[in-house]
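Asker:
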Amino acid sequence: TDLLCGVGACLACVVSLPSGSHTRTCMHGPVMDLTRLAQ
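Following our numbering, the numbering of the sequence shown begins with 138 at its first residue and continues without gaps.
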């Protein structure tokens, strides 16, 4: 599916990380280091 804005402003792409923080896949993805997404 398409992202709503593609620049992180709408926050539709937010993913929770195991560390308790969040990341935006449209800005820092869609390819990410697996160690950031799983523990």
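Glycine included, every Cβ here is placed at the ideal spot set by N, Cα and C.
State the start and end residues of the unbroken beta strand (DSSP E) segment that holds S153.
Answerer: Its beta strand (DSSP E) spans residues V151 to S153.
Asker: Taking the DSSP output, what are the residues bridged to R161?
Answerer: Looking at the DSSP assignment, R161 forms a beta bridge with V151.
Asker: Would you say the beta carbon of G157 is closer than 7 angstroms to some non-hydrogen atom of the ligand PLP?
Answerer: This structure lacks the ligand PLP, and indeed carries no ligand of any kind.
Asker: Give the range of the alpha helix (DSSP H) segment to which L174 is assigned.
Answerer: Per DSSP, L174 belongs to the alpha helix (DSSP H) from L171 to L174.
Asker: How many Å lie between G145 and Q176 at the Cα?
Answerer: Cα-Cα distance, rounded: 25 angstroms.
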